[in-house]
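Encoded as structure tokens, the structure appears first; notes follow it.
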Amino acid sequence: MNIKTLFKKKRSLKGGVEGISRGVVFGWAVSPSGQPVTLQLLINEVIVGTVQPTISRPDIAIASSVGYLCGFRFDLKPYLSKLEGNPLDIRDQATGEALPSMPIALSDTAGWGAVDGVFGLEVKGWAVWADLTAEPTPIEIFIDGVLAGCTFTDSPRPDLKKVGMPHLKSGFCFVIPSRWHDGEQHIVTAQIKGANREIRGSGVDFKCRIKSHIDTFTSQRVSGWIINTGAPECPVSFDLWVNGVCVKQCLTPNFQRQDVEAVVLGSKVGGYLLGFDFPLPQHLKWSEHANSMALCLPKTQENLLKNDVVAISRFDVIEHLEQFASKLLVESHGDVIANESVALNYAMRAMRSQFMSQFMLSLRNSSFDQPIIIQPQINKHAAGVCSEASTIDVIIPVYKGYEETLDCIHSVLNARDDTPMEIVVINDRSPDEKLSAELRKLAARGGFTLIENENNLGFVATVNKGMKLHSDHDVLLLNSDTIVPKGWLKTMQMAAYAEPNIGTVTPLSNRATIFSLPRTCFDNDMPLGMTVEQMNALCAERNPRVIVDVPTAVGFCMYIRRETLNEVGLFDETRWAKGYCEENDFCIRATGMGWRNIAACDVFVQHHGSVSFDTEKAPRVAENLEKLHAIYPDYPERIKRYIKADPIAAPRGRINMALLKQLASSYILFITHGLGGGTETAIRNLCKIHSGNGKNVLILRSTPSGQLRLAPAIAPHEKVLVTEYPHETDTSLLAEHLRELNIEYVHFHHTLGFKPDIWKLPEALGVPYDVYRETPQFTLTNYYNSLYYRCCRVAYRGDE
């Protein structure tokens with residue numbers, strides 16, 4: 002904690018020992034009333050002397066109203082022999098109260114120091130080794146408990162020299178890495194490297210968020226503004242890099258930009274220095290086509306803006322747009338894209354003839370000699386690029402569901418393999434104390450990191466917290482009501498890196514809307530008493546390395562590549578509050594930037610469904626869906642078209658056929674409509690007859706919604722093992738799936754709602770069929786009540 006925090010605590014005595022130099026101990030002490038205090042120094046409970054704090058300490062006075070005279074020094078040299086191996090204690094002579102952190106064993110102390118505070122992007126303080134012959138002192142800086150880096154004491158501190166510090170250069174300064182420039186509150190602590198305790202003043206909180214804009218970037222000069230909104234009073238220093246070369250170092254904004262303050266800081270306008278305008282060196286290497294610029298943390302190549310600013314000549318932009326327009330003209334020609342939709346044809350024509358031509362006209366009408374400046378997307382959580390060998394953070398937010406949560410965590414632990422991963426469980430202030438206690442107990446054994454929110458943040462803020470933990474890791478968001486099989490994470494990672502533009506991956510599951518099976522967009526129970534391992538094995542066997550593009554991921558189990566997260570940003574906490582639709586919003590934004598969302602059809606994760614929300618789900622879904630549709634009015638139609646096309650039907654069907662094959666060794670296939678009535682009654686009666694004869698019936702129905710629905714007439718599986726296909730499904734695909742089920746024959750009851758090629762199905766299967774195709778009359782007679790001899794020949798041929 003910092004000095005200001007000390008004065009807020011309810012203590013009668015404030016202060017502490019800060020160091021020992023050549024046998025002289027020094028520190029500070031004050032009473033809340035400001036009255037003089039006399040300190041006793043004790044070694045092994047024996048008083049060796051007294052001292053009054055009378056030395057000027059302006060650094061302490063800044064945080065206290067007691068004035069400057071609160072420092073003390075005491076010569077311990079006569080008592081060093083007594084001190085060896087014994088603790089030193091310092092107490093208020095009047096009350097007997099010890100100074101904070103007393104007693105201390107000086108022989109065990111690696112060194113002394115303090116964090117003065119966070120000033121903009123810099124952590125400043127001082128430190129010395131207890132061994133006065135060793136310098137400089139190495140300092141480890143931790144942010145939120147994570148080692149952020151190491152620095153050394155290399156700055157003069159004349160203020161400390163006056164109170165007995167032997168080394169002039171005892172100050173340190175650490176620049177906060179961009180990983181923590183996210184606008185969130187963080188805590189910084191520091192310790193001397195090798196020591197086992199924090200130095201005084203640790204626990205300072207800070208916020209950093211860099212915002213910037215480049216107004217001018219030419220071969221002569223660069224101008225713009227940069228500000229740390231977490232500490233706008235501290236100008237942001239930077240090194241200027243152009244085309245990969247550092248051309249200027251330690252630049253600092255030197256004038257005000259009240260126009261920017263009014264927009265960026267709102268009503269908080271304080272006359273801060275954030276504007277800059279610097280000339281560039283004459284010898285600068287400059288391209289006539291495109292040039293890049295970066296504002297980096299001083300003495301590093303860490304870009305404060307995450308990505309380079311790029312200046313492109315208008316001539317090059319217009320030339321490339323003209324080439325692109327030419328390609329669109331060719332591609333929009335009717336014969337060239339015969340396999341594409343008419344809508345795409347006209348969309349490309351409109352893009353070429355209207356939007357692009359107008360854009361090029363505006364480029365020509367503006368200052369043609371000025372390049373186009375492409376500003377970097379300021380993403381507060383950007384980091385490096387991950388690869389297929391990178392570590393994956395498996396983030397499990399927890400709220401309710403004692404058994405489900407523990408089953409989930411155990412399944413993840415049991416499924417660990419050589420895939421680099423870190424399991425992060427975040428307890429979002431669960432009301433279940435039993436669950437919280439068990440999580441702490443499990444975490445103490447190792448295997449996963451447990452983070453406990455002080456307040457209930459909700460799903461969105463909690464997963465965002467997890468996604469910010471490691472800026473160089475891919476992430477996988479996993480609901481706490483899931484069960485994962487062995488090999489699941491590696492399979493999803495392989496899918497994520499199957500192609501360079503894949504952003505998110507979602508596995509198949511029993512309850513995952515468009516990713517559900519056996520029945521899509523349905524909350525299925527696990528079929529046939531199958532385990533998650535068995536279902537995953539079926540997926541891997543039937544759909545090896547099969548991926549399908551989808552309009553959105555589903556957050557129950559969602560893999561996100563770090564590159565995608567860097568560019569798109571985190572989930573929107575403000576907009577989606579406690580949860581639902583946040584992943585849809587993320588995926589729509591990602592798609593607009595060129596990233597693909599895919600289904601990994603060779604992996605299965607079991608999902609119980611909405612354990613943490615139970616009765617809260619329906620109203621929250623309705624509210625957030627309405628909000629989502631208002632923001633993206635095209636989204637409902639996109640989902641409607643996707644469900645109608647159902648591109649996962651084929652992979653899902655292959656898995657369902659394996660389940661049906663386990664259920665029965667052969668089937669009779671009935672084909673009918675789904676409108677009920679007498680046809681349905683006849684079918685049910687026939688099913689009973691076949692069942693009595695030991696036969697199993699499989700029914701393929703056309704539904705009023707336009708789907709084809711395949712299900713066994715075997716209770717209770719007729720409502721569980723349901724396989725749905727789009728209406729436009731080719732008969733060859735149906736035959737491919739049905740062929741392995743040993744169909745004995747096909748019985749056509751009605752073909753309403755089917756495509757004409759449904760009649761080719763028996764031939765494709767190589768099995769007999771009934772005579773409905775020739776006449777719908779069950780008497781096999783024609784209009785004149787005469788025997789329909791063609792039907793007899795067909796039936797006879799089918800029996801051969």
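Numbering (this note's numbering), first residue to last: 2 to 801. We put the beta carbon where it would ideally sit given N, CA and C, even for glycine.
Counting C-beta atoms within 10 angstroms of its own C-beta, arginine 92 has 16 or more neighbours from the protein chains shown and is therefore classed as buried. Counting C-beta pairs with one atom in each stretch, the stretch 288-297 and the stretch 223-241 have three or more that are closer than 8 angstroms, which means they touch.
Within the stretch 278-341, the complete alpha helix (DSSP H) segments of 4 residues or longer fall at 315-332, listed in chain order. Per the coordinates, the alpha-carbon of isoleucine 684 lies some 39 angstroms from the alpha-carbon of isoleucine 484.
A buried status is given to proline 508, since no fewer than 16 other beta-carbon atoms sit within 10 Å of its beta-carbon. Our two residues, glutamate 453 and leucine 407, have alpha carbons roughly 16 angstroms apart in a direct line. Unbroken beta strand (DSSP E) runs of no fewer than 3 residues, entirely contained in the stretch 663-734, are found at 668-674, 698-703, 709-713 and 724-726, following chain order.
For leucine 479, the enclosing beta strand (DSSP E) begins and ends at 475-479. Beta-bridge partners of arginine 222 (DSSP): Pro280.
Valine 425 and arginine 710 have their C-alpha atoms some 41 angstroms from each other.
Straight across, the Cα-Cα distance linking valine 265 with leucine 722 is about 57 angstroms. Taking a C-beta distance under 7 angstroms as the contact criterion, glycine 678 and threonine 724 do not qualify as a contact pair. Note on the stretch 531-566: whole beta strand (DSSP E) runs with a minimum of 3 residues are 548-551 and 558-561, in chain order.
Going by DSSP, serine 171 is part of the beta strand (DSSP E) stretching over 170-176.
Beta bridge pairing from DSSP links glycine 114 with Ala128.
Cβ-Cβ separation between valine 551 and alanine 600: approximately 5 angstroms, consistent with a contact (criterion under 8 angstroms). DSSP places phenylalanine 449 in no alpha helix (DSSP H); its state is neither H nor E.
At a Cβ-Cβ threshold of 7 angstroms, alanine 462 and glutamate 574 count as neighbours. With contacts defined by Cβ atoms closer than 7 angstroms, cysteine 582 and serine 481 do not form a contacting pair. Leaving aside the five residues that flank serine 220 on each side, the residues in its chain whose CB is nearer than 7 angstroms to its CB run, in chain order, Leu281, Leu285 and Trp287.
Within the same chain, Ile228, Thr230, Val265 and Ile379 come within 7 angstroms of lysine 212 by CB-CB distance, once the 5 residues on both sides are set aside. Restricting attention to Lys194, Ala651 and Leu330, the CA atom closest to the CA of methionine 352 is found in Leu330. Less than 7 angstroms divides the Cβ of threonine 505 from the Cβ of methionine 559.
With respect to histidine 674, glycine 754 sits close: the two C-beta atoms are nearer than 7 angstroms. Ranking Thr217, Pro233, Gly225 and Asp160 by CA distance to the CA of arginine 210 puts Pro233 first. A direct Cα-Cα distance of roughly 11 angstroms separates methionine 531 from glutamine 607. With a 10 Å radius around the Cβ and a threshold of 16 neighbouring Cβ atoms, asparagine 255 comes out exposed.
With distances taken between CA atoms, glutamate 123 lies nearest to Val189 out of Asp635, Arg74 and Val189. A Cβ-Cβ separation of about 5 angstroms places glycine 28 in contact with glycine 17 under the 8 angstroms criterion.
Judged by pairs of C-beta atoms under 8 angstroms, the stretch 486-503 does not touch the stretch 513-524, as fewer than three such pairs exist. Here DSSP, grouped into helix, strand and coil, assigns isoleucine 649 to coil. Between the beta-carbon of phenylalanine 175 and that of glycine 150 there is about 6 angstroms, and that keeps the pair under the 8 angstroms contact cut.
By DSSP's assignment, glycine 16 forms a beta bridge with Ala30.
Secondary structure note for proline 398: its beta strand (DSSP E) is the uninterrupted segment 393-399. Rounded to whole angstroms, the gap between the alpha carbons of isoleucine 140 and isoleucine 397 is 34 angstroms.
Contact annotation, glycine 610 with aspartate 526: C-beta distance approximately 10 angstroms; criterion of less than 8 angstroms not satisfied.
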